[in-house]
Ligand SMILES: Cc1ncc(COP(=O)(O)O)c(C=O)c1O
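Next up, the structure:
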């Protein structure tokens, strides 16, 4: 069965109200099926897992099915994933568990949400590692590539982290070719997939990542996240569980009993909804981003951050911009006064990128982040909203 984009909106109760949701990179709306199943689980199955009585064993099965569906969804083994409260929390757990010899180097990028930086700074302090910073220049289109990474690589490097898609720039990085370069020097590669996962299929084996995480609350589900660590990468982790518990799986090692039962059991419904959907999603998102980018690119007073291409092979529809003569905050405030459009301004926790790489004012960018349930009509309506708000009454020339 092919995915029918025109019916997608009907599956989301929140979309039936008078609000245009364009802060989806912050968090997406949840599927109706997910909401219902959580309510059902709490009504009928809310017992402590591991028991053998009737309801207990049904709950065990539902939880296990959630884990199995999450693993299959990202092409990982059941023992290679852990579900937790947030990507930030899961990276902190991983950072508390990894072991590298003192004096080793790690490479962190400046294009990140702080979630893919702070845990590794903590790890570096804990293990006495040296940090090297990886920056992509404006000439490289602010893209992280194997080429701009290679000058930093050596056999001293044990760990490299970068984002699959920046939550500001929307550019898709070729993580497979970066993984190949990282593995050539024998280091481990960690990818933040949070801004990628709502838009494209996740296949951790094809990406060749050693660690990969994303957050289900941005992928049409509840507020939980998942981390993958390959079986071989897990050899570099010290299990942090109670001494009498097993240590075999990633969940055993750093799960901390934090996989929220009612949310985990809803994952099969997200996976079902997205099964076979991504080519239709990427085609539709391409149309949405073209409408907005054509407008922004046509204005002399607008700077789109990163690549200005409308091609959905190179970017997802997370689009950030600044406007000469008007602050990002004022644009959002004016738009909210006169419309039901919801989008935001700021640095979106990619503060190093906004301050040090892009050199932005404290109010950062205006970010419009679309997903497949947004319509072309909504984005054409956004152009009208922006035309009313931006300086010069519309064309900005
Ligand atoms: C790119 C990126 N990485 C990580 C995060 C943090 O995710 P979580 O809230 O699950 O910790 C976000 C949240 O906005 C994000 O956009």
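Residue numbers (UniProt numbering): 1 to 397.
Heads up, the beta-carbon is just placed ideally off N, CA and C, and yes, glycines get one too.
- In terms of side-chain proximity, the C-beta atom of residue 29 is found no nearer than 8 Å to any non-hydrogen atom of ligand 1.
- Sorted by chain position, residues whose beta-carbon lies closer than 5 Å to a non-hydrogen atom of ligand 1 are 86, 87, 88, 113, 115, 167, 192, 194, 195, 215, 225.
- In this structure, 392 is the residue among 392, 215, 34, 74 with its C-alpha nearest to the C-alpha of residue 324.
- For residue 126, the enclosing alpha helix (DSSP H) begins and ends at 118-127.
- Taking C-beta separations shorter than 6 Å and ignoring five residues to either side along the sequence, the partners of residue 296 in its chain run 302, 304, 321, following chain order.
- In this model, residue 26 and residue 218 are separated by some 7 Å (Cα to Cα).
- Beta bridge pairing from DSSP links residue 342 with 21.
- The DSSP-derived three-state label of residue 323 is strand.
- If you check the CB distance, residue 8 and residue 261 do not come in under 9 Å.
- Less than 9 Å separates the beta-carbon of residue 282 from that of residue 200.
- Straight-line measurement puts the Cα of residue 100 at about 45 Å from the Cα of residue 288.
- Under the DSSP assignment, residue 189 falls in the beta strand (DSSP E) whose first and last residues are 188-192.
- Less than 9 Å separates the beta-carbon of residue 221 from that of residue 270.
- With respect to residue 293, residue 319 sits close: the two C-beta atoms are nearer than 9 Å.
- A direct Cα-to-Cα measurement between residue 277 and residue 102 gives close to 45 Å.
- Counting only the Cα atoms, residue 238 lies some 19 Å from residue 186.
- The continuous beta strand (DSSP E) containing residue 84 extends over residues 81-84.
- Only exposed fits residue 48, as fewer than 16 other CB atoms lie within 10 angstroms of its CB.
- Among the bridge pairs identified by DSSP, residue 229 is matched with 211.
- With respect to the 9 Å criterion, residue 263 and residue 81 are not classified as neighbours on the basis of their beta carbons.
- If you look at residue 130, you'll find it in the beta strand (DSSP E) that goes 130-134.
- Classified as buried, residue 299 has 16 or more neighbouring CB atoms from the shown chains inside 10 Å of its CB.
- The continuous stretches of beta strand (DSSP E) do not include residue 387, which lies in the alpha helix (DSSP H) extending over residues 376-389.
- Here residue 105 carries a strand assignment [DSSP, helix/strand/coil].
- Nearest in C-alpha terms to residue 55, of all of 68, 41, 138, 125, is 41.
- In this structure, 250 is the residue among 250, 63, 196, 369 with its C-alpha nearest to the C-alpha of residue 234.
- Taking 3 residues as the minimum length, the beta strand (DSSP E) runs contained wholly in the segment 140-195 are 157-163, 188-192, in order along the chain.
- If you ignore the 5 residues before and after residue 268, its C-beta comes within less than 7 Å of the C-beta of 65, 66, 69, all in its own chain and listed in chain order.
- DSSP lists 322 as the bridge partner or partners of residue 303.
- In the DSSP assignment, residue 57 falls within the unbroken alpha helix (DSSP H) covering 54-73.
- Note on geometry: alpha-carbon atoms of residue 90 and residue 167 lie some 18 Å from one another.
- Taking a 10 Å sphere around the C-beta of residue 242, we find fewer than 16 other C-beta atoms and assign the residue as exposed.
- In the DSSP assignment, residue 367 is bridged to 320, 344.
- Around the CB of residue 244, fewer than 16 other CB atoms lie within 10 Å, so the residue is classed as exposed.
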